[in-house]
Structures are given as C-alpha cells and as structure tokens.
Amino acid sequence: MQDPSGGWELEAALDLEWAHAMAPDARLFLVEARSNSFSDLLAAERVAGNLVASAGGGEVSNSWGSNEFSGETSFDSNFTTAGVVYFASSGDQPGVEYPAASPNVVAAGGTTTARNPFTANFLSERAWDLAGSGLSAFEARPVYQDVIQSIVGSRRGVPDLSFDSNPVTGAWVFDSTPVQGAGSGWFIVGGTSLASPALAGIVNAAGNRLGSSHAELNLIYNNLAITTDFNDISSGFCGPTAGFSAKLGWDLCTGIGSVKTKIGK
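So for the sequence shown, the numbering used here puts the first residue at 15; every next one is plus one.
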C-alpha cells in the first residue's frame with residue numbers, strides 16, 4: 015500500500031540507494047512493515063533477519079525508532095538472528111530512541127560536514143545537534159562498552175558510530191514517487207535514516223563477516239586505539255538542552271566518530 019504523503023517511499027529510496035552506494039556489490043532486500051505499529055515493525059524485523067541469514071549473513075539497517083519505554087529490554091531478542099549485524103538510526107531529535115538503545119544493534123548517530131563550495135573537497139566534520147544520543151534509561155551497559163565505563167557508567171551509551179546526517183549537508187536521493195506535493199525526482203535528504211544504511215553498507219563492503227551485532231561491536235570497541243580507521247569528531251554539541259559535547263575519543267554525541275573508507279561508489 016502506498017503512503018499518500020510519499021514519505022515512506024522516500025525513506026525506502028534513501029535506504030536502498032545509500033546502502034547500494036556504500037556496498038555496490040551487495041544483494042539488497044527491501045522489507046516493509048504492514049504499518050508503523052510496534053508489533054508490525056518487529057514482525058518485519060524478523061522477516062528481514064531471516065532473509066539476510068538465509069542469504070549467507072550480512073547486515074539489517076533500520077531507519078525507524080521511538081522514544082524509550084519501560085520493558086523495551088524484553089524486545090532485544092528480535093535483533094539476535096545468527097549471522098546478522100543489525101544497525102539502527104539513533105533518531106533526529108535530542109535523546110535516546112529504541113531500537114538504537116538496544117545493545118544488540120549498532121547505533122548510527124549523526125554529524126554535519128563542511129565542504130569547499132568550489133571544489134567540494136572535505137573541510138571539517140562536527141556533531142549534528144539534533145542527532146539522537148545519550149544514556150539509555152533502561153538498557154544496562156553492554157560488555158563491549160566496558161572500555162568507556164568512565165563515560166557511560168552503568169548504562170548503554172548511544173551512538174556507536176556516526177555518519178553525515180544533517181539535512182543541510184545530506185545526500186542526494188532519487189524518488190520516483192511524489193513526495194508531499196513536491197513531485198518526484200531528486201531530493202537532498204538527511205537524518206540518521208541516512209547514517210544507518212550508509213554504515214551498514216560500509217561494514218558489508220569491508221567483507222568482514224561477523225556473526226552478530228555483539229561480535230561487530232566487540233571488534234569496533236576493542237580497536238578504539240586504531241584512530242586511522244575513524245574520524246574522531248571533537249567539536250559540536252548534542253542532547254537535551256545541548257548538554258553533551260563532542261570531544262577527543264568516544265563521546266555521547268558521535269560515539270567513536272565517523273568511518274574512514276574508500277569503499278563505495
């Protein structure tokens with residue numbers, strides 16, 4: 015069923031095109047939920063996980079989320095299909111969202127970039143102030159975050175990784191479906207809905223097939239010292255009342271930072 019506003023179609027186009035841009039050789043599956051109800055979204059999650067596992071393993075990207083809620087931990091098992099690494103956008107408003115808060119997903123946060131207006135060469139990157147971030151109210155610190163215990167305490171810290179998400183510095187997406195009366199064609203799209211498929215694509219293209227989100231996150235956090243793999247974002251702010259600042263090392267705005275990669279189109 016088509017969304018009359020065209021919003022879901024634009025989200026689907028964003029997810030597919032930017033997963034493909036980062037992992038052009040990957041086989042992609044589009045799984046749509048029957049509705050935006052939590053039960054329907056999780057049913058679609060299980061279908062997606064089984065499809066990817068049946069294809070030999072890989073990544074599932076999620077561009078949906080909601081405010082955290084009591085009892086969310088009972089749903090974390092939906093992100094544990096063997097052979098699958100799950101990604102989830104951290105949200106486009108200050109605070110922590112689920113399922114990004116789940117310890118069973120790679121939480122994808124947001125940055126904003128600056129480029130030379132004449133050459134398009136990269137100039138700088140800072141935290142995006144509207145990206146979801148912070149400490150989970152309900153999820154305990156997972157073992158892989160023990161290395162940042164001094165920052166997160168006993169809670170799950172979000173995000174893990176980040177990618178350009180500011181709509182002002184976002185990505186071009188082609189959508190053949192009219193969007194909110196604007197017609198069809200090319201749109202500049204942002205939000206952490208861009209970060210999740212892009213990061214999933216980067217991990218896929220890297221070719222390091224790990225059997226779970228925990229295995230992927232253990233690898234990432236165990237290699238924090240290898241700074242050549244990441245852009246450590248050390249400027250900008252985020253969170254409710256702009257209470258967090260990006261800083262050297264892991265922080266509550268951008269996590270480890272953004273990924274350095276030459277993979278993709």
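No residue lacks a Cβ here, since even glycine has one placed at the ideal position from N, Cα and C.
Could you spell out the range, first to last residue, of the beta strand (DSSP E) harbouring residue i?
i: D54; result: It is not in any beta strand (DSSP E) - D54 instead sits in the alpha helix (DSSP H) that spans F52 to S68.
i: S176; result: L175 to D178
i: D189; result: A185 to D189
i: S226; result: No beta strand (DSSP E) contains S226, which DSSP labels as neither H nor E.
i: V74; result: G72 to N76
With distances taken Cα to Cα, identify the nearest neighbour of residue i among the options.
i: P108; options: A96, F152, N81 and V61; result: N81
i: I162; options: A40, S49, G263 and D54; result: G263
i: S75; options: S88, V193, V98 and A69; result: V98
i: P156; options: D143, Q194, N232 and S179; result: N232
i: L149; options: V203, S168, D178 and G225; result: S168
i: D39; options: A47, L30 and E46; result: L30
i: L139; options: F177, W186, S77 and A35; result: Note on identity: in this sequence residue 139 is Glu, with Leu being the wrong assignment. It is F177.
i: S27; options: S51, L238 and P192; result: Sequence inspection shows Ala at residue 27; the Ser mentioned does not correspond to that position. Minimum Cα distance to A27 is reached at P192.
i: E111; options: Y158, T242 and R170; result: R170
i: A141; options: A134, G124, E153 and N135; result: G124
Can you tell me whether residue i is helix, strand or coil according to DSSP?
i: F83; result: coil
i: N237; result: coil
i: L213; result: helix
i: V46; result: In the sequence under discussion, the amino acid at residue 46 is Glu, which differs from the Val named in the question. Three-state DSSP puts E46 in coil, outside helix and strand.
i: D246; result: coil
i: W200; result: strand
i: D265; result: strand
i: A35; result: helix
i: E25; result: helix
i: V182; result: helix
i: T127; result: strand
i: A260; result: coil
i: A115; result: coil
i: S290; result: Nothing about residue 290 can be read from this structure; the chain reaches only from 15 to 279.
i: A40; result: coil
Under 8 angstroms, do residue i and residue j count as touching if we go by C-beta distance?
i: I280; j: V273; result: Here the chain has residues from 15 to 279 only, and residue 280 is not among them.
i: T94; j: N64; result: no
i: L266; j: G253; result: yes
i: A128; j: L137; result: yes
i: E23; j: N218; result: no
i: I247; j: L175; result: no
i: F43; j: V66; result: yes
i: N92; j: T126; result: no
i: V187; j: F201; result: yes
i: A122; j: A209; result: yes
i: T206; j: D106; result: yes
Could you tell me which uninterrupted alpha helix (DSSP H) segments, each at least 4 residues in length, are contained entirely in the region 130-171, listed from first to last along the chain? Runs of the alpha helix (DSSP H) lying entirely within the region 130-171 and spanning at least 4 residues, in chain order: 163-166.
Which full runs of the beta strand (DSSP E) of 3+ residues lie inside the region 84-109, going along the chain? Counting only runs of 3+ residues, the beta strand (DSSP E) found wholly inside the region 84-109 occupies 98-103, in chain order.
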